[in-house]
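K.L.:
I am attaching a structure below and will ask some questions about it afterwards.
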Amino acid sequence: MENKKKKLYFITGNTHKFNEIYKVIESENLGYKLEQLDINPIEIQSDNPKDVALFKLKSIKKDLNSSYFIEDAGFFVDYPLNGFPGIYSSYIFKTLGNKGILDLISNFDSTHAHFSSIIALYYEPLDKEFLFEGIIEGKLSPIIKGSNGFGYDPIFLPNKYPEKTFAELKMNEKNKISHRGIAIKKLINFLKEN
Ligand code: IMP
Numbered sequence: 004m005e006n007k008k009k010k011l012y013f014i015t016g017n018t019h020k021f022n023e024i025y026k027v028i029e030s031e032n033l034g035y036k037l038e039q040l041d042i043n044p045i046e047i048q049s050d051n052p053k054d055v056a057l058f059k060l061k062s063i064k065k066d067l068n069s070s071y072f073i074e075d076a077g078f079f080v081d082y083p084l085n086g087f088p089g090i091y092s093s094y095i096f097k098t099l100g101n102k103g104i105l106d107l108i109s110n111f112d113s114t115h116a117h118f119s120s121i122i123a124l125y126y127e128p129l130d131k132e133f134l135f136e137g138i139i140e141g142k143l144s145p146i147i148k149g150s151n152g153f154g155y156d157p158i159f160l161p162n163k164y165p166e167k168t169f170a171e172l173k174m175n176e177k178n179k180i181s182h183r184g185i186a187i188k189k190l191i192n193f194l195k196e197n
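The structure is reproduced here in C-alpha cells:
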C-alpha cells in the first residue's frame, strides 16, 4: 500500500525542517509519501517573502513528474528591532547567532517577535503554484535555553507557552503551534480537497 502512494517532494537541505514536516504529513494518512530532495533552488533578495518563495519554486525544473514544495521561514524581532533579522534571518543566524540577537535587546524589558513560514507548492495535477502561510507570535527569552529544534528556537518564547522556548518543546508540541505547523496544515487541507 505504502508503495502505491504518490511522491511529494520537499526540496530542502535542512533536515530539521524536513523532520518537522514529515511528522505532520505522516500522521495525516494522505495519499502521498514525503521525500526530501536536497537541491539548491535559486534564491533572490526581496522585501516580499512571497516573491522569494515563488521565484525559488519556479527555479526548479518540472521534470520530477510529481508535486513538490519549498518552505521559506523568517524570524522577526518586531520590538525593539523593527523586524530585524527578517529576510536576513539565515545570514544573521550564521554571523551574530542567538547570543548576538540577545545582546542587541539586552537593555529592553519587553520584546515582541514572530516567525513566519511560507510554503510554495507546485501542484502537478493542476500544473499550478500555490502558497500557504503560517505565523506564530511570541517574545524573546532573556537567555538561550533548550536543546531541541534548530536556529532561533532556543531564544523564542511562543505566546502559547510563555515560559518555554521552542527548543524546550517536543517536536510535536512545536508543530501544533508553529509557523511551519500552521502552513503545513493548510497545505494538507489543500491536498485533501484537490
Ligand atoms: P530559511 O531561510 O527558511 O532556512 O530560514 C531562515 C533562518 O531562520 C535560518 O537561519 C533558520 O535557522 C531560521 N529558522 C527557520 N525556521 C526556524 C524555526 O522553526 N525555528 C528556529 N529558527 C528557524
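First residue of the sequence shown: 4, per the numbering used here; consecutive thereafter.
Idealized CB from N, CA, C, for every residue including glycine.
Using CA coordinates, which residue listed in D54, F58, L40, I73 is at the minimum distance from L190?
P.N.:
If we check each option's Cα against that of L190, I73 comes out closest.
K.L.:
From I146 to L172, what does the alpha carbon distance come to, in whole angstroms?
P.N.:
In a straight line, the C-alpha of I146 is about 16 Å away from that of L172.
K.L.:
Is any non-hydrogen atom of the ligand IMP found closer than 8 Å to the C-beta of Y164, if you look at the structure I gave you?
P.N.:
Checking every heavy atom of the ligand IMP against the Cβ of Y164, none is found closer than 8 Å.
K.L.:
From this set, A123, D130, P128, which residue's C-alpha is nearest E136's C-alpha?
P.N.:
That would be A123, whose Cα lies nearest to the Cα of E136.
K.L.:
Tell me which residues share the same chain as G184 and place their Cβ nearer than 8 Å to its Cβ, disregarding the 5 neighbours each side in the sequence.
P.N.:
Hits under 8 Å: E23, V27, G137, K177, N178.
K.L.:
Is any non-hydrogen atom of the ligand IMP found closer than 8 Å to the C-beta of Y155, if you look at the structure I gave you?
P.N.:
Indeed, a heavy atom of the ligand IMP lies less than 8 Å from the Cβ.
K.L.:
Less than 7 Å between C-beta atoms, sequence neighbours within five positions excluded: which residues of the same chain meet that for M4?
P.N.:
Interpretation of M4 is limited by its pLDDT of 49, a score under 50 that renders its predicted location unreliable; no figure is taken from the coordinates.
K.L.:
Which residues does DSSP list as the beta-bridge partners of D75?
P.N.:
Beta-bridge pairing links D75 to I121.
K.L.:
Could you spell out where the alpha helix (DSSP H) holding P52 opens and where it closes?
P.N.:
Here the alpha helix (DSSP H) through P52 covers 52-61.
K.L.:
In chain order, what are the residue ranges of uninterrupted beta strand (DSSP E) at least 3 long that sit wholly in the stretch 145-182?
P.N.:
The qualifying runs are 159-161.
K.L.:
Work out the CA separation of S120 and I158 for me, nearest whole Å.
P.N.:
Spanning the two alpha carbons is a distance of roughly 18 Å.
K.L.:
Bridge partners of K10, per DSSP?
P.N.:
In DSSP, K10 forms a bridge with K36.
K.L.:
Roughly how many whole angstroms lie between the Cα atoms of K8 and Q48?
P.N.:
Answer to the nearest angstrom: the Cα atoms are 36 Å apart.
K.L.:
Going by CA-CA distance only, name the one from D130, S113, L11 that's closest to L33.
P.N.:
Taking only the C-alpha atoms, the option nearest L33 is L11.
K.L.:
With H, G and I counted as helix, E and B as strand and the rest as coil, what does DSSP make of I185?
P.N.:
I185: helix per DSSP, three-state reduction.
K.L.:
Could you tell me the distance, in whole angstroms, from the CA atom of L67 to the CA atom of N17?
P.N.:
Approximately 20 Å, taken between the alpha carbons.
K.L.:
Given that a residue counts as buried once 16 or more other Cβ atoms are within 10 Å of its Cβ, and exposed if not, what is D75?
P.N.:
It is buried - the Cβ of D75 has at least 16 other Cβ atoms within 10 Å.
K.L.:
Per DSSP, what kind of secondary structure is K64 in: helix, strand or coil?
P.N.:
In this structure, K64 counts as coil in the three-state DSSP scheme.
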